[in-house]
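Colleague:
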Amino acid sequence: MLDTLNQIEQSALTEIAAADAEALDTWKSTYLGNKGKLKAAMAGLKDVPKEDKPAVGKRLNEVKQALEAAHKARRAALGGSGNGGVAGPKLDMTEPGLIESHALGRRHIIMRVRDELVEVFARMGFEVAQGPELEDDAHNFIRLNIPPEHPAREPIDNFYVDNPAKVDTPRMMRSQTSTVQIRVLDDAVANGSGPPVKVVSPGRVYRPDTVDATHSFMFHQIEGLYVDRGVTMADLKTTLFQFARAYFGEDAEIRLRPSFFPFTEPSAEFDMKIQLRPDQPPQWVELGGCGMVDPAVLTGCGIDPEEWTGFAFGFGIERIAMGRYSIPDIRMLFENDVRFLEQL
Ligand code: DAH
675 MLDTLNQIEQ
685 SALTEIAAAD
695 AEALDTWKST
705 YLGNKGKLKA
715 AMAGLKDVPK
725 EDKPAVGKRL
735 NEVKQALEAA
745 HKARRAALGG
755 SGNGGVAGPK
765 LDMTEPGLIE
775 SHALGRRHII
785 MRVRDELVEV
795 FARMGFEVAQ
805 GPELEDDAHN
815 FIRLNIPPEH
825 PAREPIDNFY
835 VDNPAKVDTP
845 RMMRSQTSTV
855 QIRVLDDAVA
865 NGSGPPVKVV
875 SPGRVYRPDT
885 VDATHSFMFH
895 QIEGLYVDRG
905 VTMADLKTTL
915 FQFARAYFGE
925 DAEIRLRPSF
935 FPFTEPSAEF
945 DMKIQLRPDQ
955 PPQWVELGGC
965 GMVDPAVLTG
975 CGIDPEEWTG
985 FAFGFGIERI
995 AMGRYSIPDI
1005 RMLFENDVRF
1015 LEQL
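Heads up: the sequence shown begins at 675 in this note's numbering, then just goes up one per residue.
1) Under the rule that 16 or more other beta-carbon atoms within 10 Å means buried, what is GLY758, buried or exposed?
2) Hey, how far is the Cα of ASP925 from the Cα of PRO838?
3) DSSP has THR1031 in a bridge; who is on the other side?
4) Is any heavy atom of the ligand DAH found at a distance shorter than 8 Å from the C-beta of PHE987?
5) Is it true that the stretch 985 to 1004 meets the stretch 786 to 796, where meeting means three or more beta-carbon pairs spaced less than 8 Å apart?
6) Do LEU791 and the ligand DAH come close, with the Cβ less than 8 Å from some heavy atom?
7) Give me the residue from GLU828, ASP861, PRO821, ARG878 with the minimum Cα distance to MET847.
8) Quick one: measure Cβ to Cβ for PHE937 and LEU818, integer angstroms, because I've assumed they're closer than 8 Å.
9) Go to MET1023, then tell me how far its alpha helix (DSSP H) extends in each direction, as first and last residue.
10) Is the beta carbon of GLN804 within less than 8 Å of some heavy atom of the ligand DAH?
11) Considering only DSSP beta bridges, list what GLN957 is partnered with.
12) Give every residue of the same chain whose Cβ lies closer than 7 Å to the Cβ of CYS975, excluding the five residues on either side of it in the sequence, and list them in chain order.
13) Roughly how many angstroms separate the alpha carbons of ARG1005 and THR843, rounded to a whole number?
14) For VAL854 versus GLY805, is the C-beta spacing smaller than 9 Å?
15) So, using beta-carbon positions, are ALA729 and LEU676 closer together than 9 Å?
16) Who are ASP810's beta bridge partners in DSSP?
17) With a 10 Å radius around its C-beta and 16 neighbouring C-beta atoms as the bar for buried, classify VAL885 as buried or exposed.
18) Using the three-state DSSP reduction, which class does PHE800 fall into: helix, strand or coil?
19) Using three-state DSSP, classify LEU706 as helix, strand or coil.
20) Could you check whether GLU960 and PHE934 sit closer than 9 Å to each other, using their CB atoms as the reference points?
21) If you draw a straight line from the C-alpha of ILE816 to the C-alpha of ARG827, how long is it?
22) Ordered along the chain, which non-local residues of its own chain (more than five positions away) have a Cβ less than 8 Å from that of GLY756?
23) Using the DSSP secondary-structure output, state which residues sit across from TYR834 in a beta bridge.
24) Rounded to the nearest angstrom, what separates LEU706 and VAL1012 at their Cα positions?
25) Output the distance between the C-alpha atoms of PHE917 and PHE795, rounded to the nearest integer angstrom.
26) Measure the Cβ-Cβ separation of SER1000 and GLN957 and say whether it is below 9 Å.
27) Tell me which residues share the same chain as LYS720 and place their Cβ nearer than 7 Å to its Cβ, disregarding the 5 neighbours each side in the sequence.
28) Tell me the DSSP secondary structure of ALA942 in three-state form.
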């Protein structure tokens, strides 16, 4: 009898260790149920010799308690009852989550600056225009009045997709957003609306420059174009000054330096006094070029330069971001080290 009890206890404890919720129910009726093994053993007690009864009875009780305890423990381990019969931990959907913070993604600093710039210009009445990154040299050079012999057209300084020696209008990755000036003017003429046009166009440009602290083979520019009757250089300067104050603050200082671009006449370089490093005084930084749209560009688009005049500008977005956020090296903007980006 004692051997039987030992066997029952042993097999019961072995089986229960591996039981899932369903097996646990079966286990309970097998061992502890009314027709279970323990009840059967109890029924056999009456046949045990009288002098052995106390010891056997005591052992019976021990085994019963051991099995009941094992059942309770196993049920708790499986998540208890009252879980809709589903195994696993009880879920309280109203409990706050255990994970304290989810790292939320956000837009890259260049995209944020781009949108901020567009926003500032939108308040001054500029609409947003888009042009393709895969361009051709007609839009990138010829129609911007950049002649064939101009050094900017050298194959070594551009990402040509077609061989310029073999193809008439070779495709290329645009090297400047000024291409969009042509596309916008063409569209305006083609759809019959014509000038006035007042647009900004942000986007990527590509140049095979060696990467260093201030250069990259891909960067972003924002182009501006305003063509209307009676637009003058004073309008250009006012617009740039208003932009600088709106974006960099009331004390923003700007200056225009005479320069040359084939598609503007006169042309200027646009500088702003900004602090590039927290430990250095503000310095003049060139943000881009600007000028009055060259009459040859307007004529090429079918627009009469006697009636319409315009100004244009093109800035480097990275430059502006670096100035605004005191970022000393352009590479930091492209390495995408989250520890850096999180600080912006
Ligand atoms: N496209 C010129 C560049 O990438 C910048 C520029 C100069 C744009 C003068 C203009 C402009 O619109 O009028 O260097």
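Glycine included, every Cβ here is placed at the ideal spot set by N, Cα and C. Note that this is a predicted model, so its numbers are computed, not measured.
Modeller: Quick answer:
1) If you number the sequence shown from 1, residue 758 lands on position 84. Because GLY758 sits at a pLDDT of 49, beneath the cut-off of 50, its placement in the model cannot be relied upon, and the point is left open.
2) The residue labelled residue 925 in the question sits at position 251 within the sequence shown. The residue labelled residue 838 in the question sits at position 164 within the sequence shown. Cα to Cα, ASP925 sits roughly 47 Å from PRO838.
3) This structure cannot settle anything about residue 1031, because the visible part of the chain is limited to 675 through 1018.
4) Counting from one through the sequence shown, the residue named residue 987 turns up at place 313. The answer is yes for PHE987.
5) Yes, they touch.
6) As a working note, residue 791 is residue 117 in the sequence shown. For LEU791, the Cβ stays outside the 8 Å cut-off from all heavy atoms of the ligand DAH.
7) Against the sequence shown, residue 847 aligns to sequence position 173. Looking at the Cα atoms, ARG878 is the closest of the given residues.
8) One-based indexing of the sequence shown puts residue 937 at position 263. One-based indexing of the sequence shown puts residue 818 at position 144. Going by Cβ atoms, the distance from PHE937 to LEU818 rounds to 4 Å, so yes, they are a contact pair.
9) In this structure the chain extends from 675 to 1018, so residue 1023 is not present and cannot be described.
10) Residue 804 sits at position 130 when you count from the first residue of the sequence shown. The beta carbon of GLN804 sits no closer than 8 Å to any heavy atom of the ligand DAH.
11) Residue 957 sits at position 283 when you count from the first residue of the sequence shown. Looking at the DSSP assignment, GLN957 forms a beta bridge with ILE948.
12) Here the question's residue 975 lines up with position 301 in the sequence shown. Its chain contains ILE856, LEU859, ASP860, VAL863 as the residues whose beta carbon lies nearer than 7 Å to that of CYS975, once the 5 sequence neighbours on both sides are disregarded; these appear in chain order.
13) Position 331 of the sequence shown holds residue 1005. Position 169 of the sequence shown holds residue 843. Each residue's alpha carbon lies about 33 Å from the other.
14) Along the sequence shown, read from residue 1 onward, the residue named residue 854 stands at position 180. Along the sequence shown, read from residue 1 onward, the residue named residue 805 stands at position 131. For VAL854 and GLY805, yes; Cβs fall inside 9 Å.
15) Sequence index remark: in the sequence shown, residue 729 carries index 55 (1-based). Sequence index remark: in the sequence shown, residue 676 carries index 2 (1-based). Yes, the Cβ-Cβ distance between ALA729 and LEU676 is below 9 Å.
16) Within the sequence shown, numbered from 1, the residue matching residue 810 stands at position 136. DSSP lists ARG845 as partners of ASP810.
17) Mapped onto the sequence shown, residue 885 falls at position 211. With a threshold of 16 other beta carbon atoms within 10 Å, VAL885 falls short and is exposed.
18) On the sequence shown, position 126 is the one that residue 800 refers to. In the displayed model, PHE800 falls within coil according to three-state DSSP, outside both helix and strand.
19) Position 32 of the sequence shown holds residue 706. When DSSP states are grouped into helix, strand and coil, LEU706 belongs to the coil group.
20) Position 260 of the sequence shown holds residue 934. Position 286 of the sequence shown holds residue 960. Going by C-beta atoms, PHE934 is not nearer than 9 Å to GLU960.
21) Here residue 816 refers to the residue found at position 142 of the sequence shown. Here residue 827 refers to the residue found at position 153 of the sequence shown. Distance between the alpha carbons of ILE816 and ARG827: 10 Å.
22) In the sequence shown, counting from the first residue as 1, residue 756 sits at position 82. Low confidence applies here, because GLY756 scores a pLDDT of 49, under 50, leaving its location unreliable; read the following figure in that light. Excluding its 5 nearest sequence neighbours in each direction, GLY756 has C-beta neighbours in its own chain below 8 Å: LYS764, listed in chain order.
23) If you number the sequence shown from 1, residue 834 lands on position 160. Answer is MET846.
24) In the sequence shown, residue 706 corresponds to position 32, counting from 1. In the sequence shown, residue 1012 corresponds to position 338, counting from 1. Taking the straight line from one Cα to the other gives about 60 Å.
25) Here the question's residue 917 lines up with position 243 in the sequence shown. Here the question's residue 795 lines up with position 121 in the sequence shown. The straight-line gap from Cα to Cα measures roughly 7 Å.
26) Here residue 1000 refers to the residue found at position 326 when the sequence shown is read from its first residue. Here residue 957 refers to the residue found at position 283 when the sequence shown is read from its first residue. No, the pair does not count as a contact, with Cβ atoms beyond the cut-off.
27) Residue numbering aside, residue 720 sits at position 46 when the sequence shown is read from its first letter. Excluding residues within five positions, none has a Cβ falling inside 7 Å.
28) The sequence position of residue 942 within the sequence shown is 268, counting from 1. Reduced to three states, the DSSP call for ALA942 is strand.
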